[in-house]
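Single-structure report; data block below.
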Amino acid sequence: MSLVENKRIDVAGINFDREPFIQRTSIEGFLLIRRPQYADGRGAFQEIARIPDISEALGREIVIRQTQRSRSMGHVLRGIHAEPQDKLITPYTGKMVAVIVDLDPKSPTFLSWLMLGFDNTEENCSKTTMFLREGLGNSMCVIGTDPVEYVYGVSKIYDPGTAGEGVRYNDPSLAIPWPISNPVVSNRDRNLPDLVRFLEQKTHG
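Counting from 1 along the sequence shown, just add 24 to a position and that's the residue number in this note's numbering.
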């Protein structure tokens, strides 16, 4: 299998002050969102996202039914998770990279992936949010020893039957160049299927 595109970008390189608050990426249905932040002597305030704006950008209604918080310690790697749902993810502490993979065979960007750098180590820095449509896989790894926290909303209530869906982070077909060696990976993620097996399972059930 050949990749349509694979590259790394840094969210700090996107000038949301001059460009729209919602930025499309090279992957179909993967958006980057950064609303303005307002700071003064008391602290700072920033909207995370406006769901109607995302719906308008995608041309369909977006519904967030559950929100949760994740905390990952130094050198932890999670993913590649591919639950069948839309996701809205906002990293807000620490330094990490996220890798988004298009795992939808019907998508024009099937098998494309993007690696994005997030640095939220500065106090009161603006936060960037990712929107992933159903069919995209998400993964992340912590850079350094400081923990990373993010909040995320999903379009479906937790379902144990689909919670373990995904592709192994070191799948040779994707050949993602993770920036850390010897990551801390859960047994569940380490035992996820490779890309070929995942696609077979999605096709044949």
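The beta carbon of each residue, even a glycine, is placed where N, CA and C say it ideally should be.
With a threshold of 8 angstroms, are at least 3 pairs of Cβ atoms found where one atom belongs to the segment 149-163 and the other to the segment 48-56? Contact holds: three or more Cβ-Cβ distances are below 8 angstroms.
Going by DSSP, which residues form a beta bridge with Gly-98? Locating residue 98 in the sequence shown gives position 74, where the first residue counts as 1. None, per the DSSP bridge assignment.
Taking the CB atoms as reference points, tell me whether Ile-124 and Asn-162 lie closer together than 7 angstroms. As a position in the sequence shown, residue 124 is number 100, starting the count at 1. As a position in the sequence shown, residue 162 is number 138, starting the count at 1. Yes, Cβ-Cβ distance for Ile-124 and Asn-162 is below 7 angstroms.
Buried or exposed: Pro-115, going by 16 or more other Cβ atoms within 10 Å of its Cβ? Position 91 of the sequence shown, counting from 1, holds the residue named residue 115. With 16 or more Cβ atoms within 10 Å of its Cβ, Pro-115 is classed as buried.
Selection from Gly-190, Tyr-174 and Ala-199 that minimises the alpha carbon distance to Glu-92: Position 68 of the sequence shown, counted from the start, is the residue given in the question as residue 92. Residue identity check: residue 92 is Gln in the sequence provided, not Glu. Taking Gln-92 as reference, the option from Gly-190, Tyr-174 and Ala-199 with the minimal CA-CA separation is Tyr-174.
To the nearest angstrom, how far is the alpha carbon of Pro-171 from that of Arg-95? Taking the sequence shown and counting its residues from 1, the one referred to as residue 171 is at position 147. Taking the sequence shown and counting its residues from 1, the one referred to as residue 95 is at position 71. Looking at the two C-alpha atoms, the distance is approximately 7 angstroms.
Could you check whether Val-191 and Leu-160 sit closer than 7 angstroms to each other, using their CB atoms as the reference points? The residue labelled residue 160 in the question sits at position 136 within the sequence shown. The residue labelled residue 191 in the question sits at position 167 within the sequence shown. Contact: no.
Going straight from the alpha carbon of Phe-142 to that of Thr-227, what length do you get? Position 118 of the sequence shown, counted from the first residue, corresponds to residue 142. Position 203 of the sequence shown, counted from the first residue, corresponds to residue 227. In this structure, the straight-line span from the alpha carbon of Phe-142 to that of Thr-227 is close to 34 angstroms.
Using the beta-carbon count (16 or more within 10 Å), is Asp-213 buried or exposed? Translated into positions along the sequence shown, residue 213 becomes position 189. Burial call: buried.
Would you be able to state if there are at least three C-beta pairs under 8 angstroms between the segment 192-201 and the segment 95-111? Of all C-beta pairs linking the segment 95-111 to the segment 192-201, three or more are shorter than 8 angstroms, placing the two stretches in contact.
Local conformation of Arg-192 per DSSP, three classes: For the purposes of this step, residue 192 is taken as the residue at position 168 of the sequence shown. It is coil, neither helix nor strand.
In this structure, what does DSSP give as the bridge partners for His-105? Position 81 of the sequence shown holds residue 105. Under DSSP, the beta-bridge partners assigned to His-105 are Asn-162 and Gly-190.
Inter-residue spacing [alpha-carbon to alpha-carbon] between Gln-70 and Ser-79: On the sequence shown, residue 70 is found 46 positions in, with the first residue counted as 1. On the sequence shown, residue 79 is found 55 positions in, with the first residue counted as 1. Each residue's Cα considered, the two are about 20 angstroms apart.
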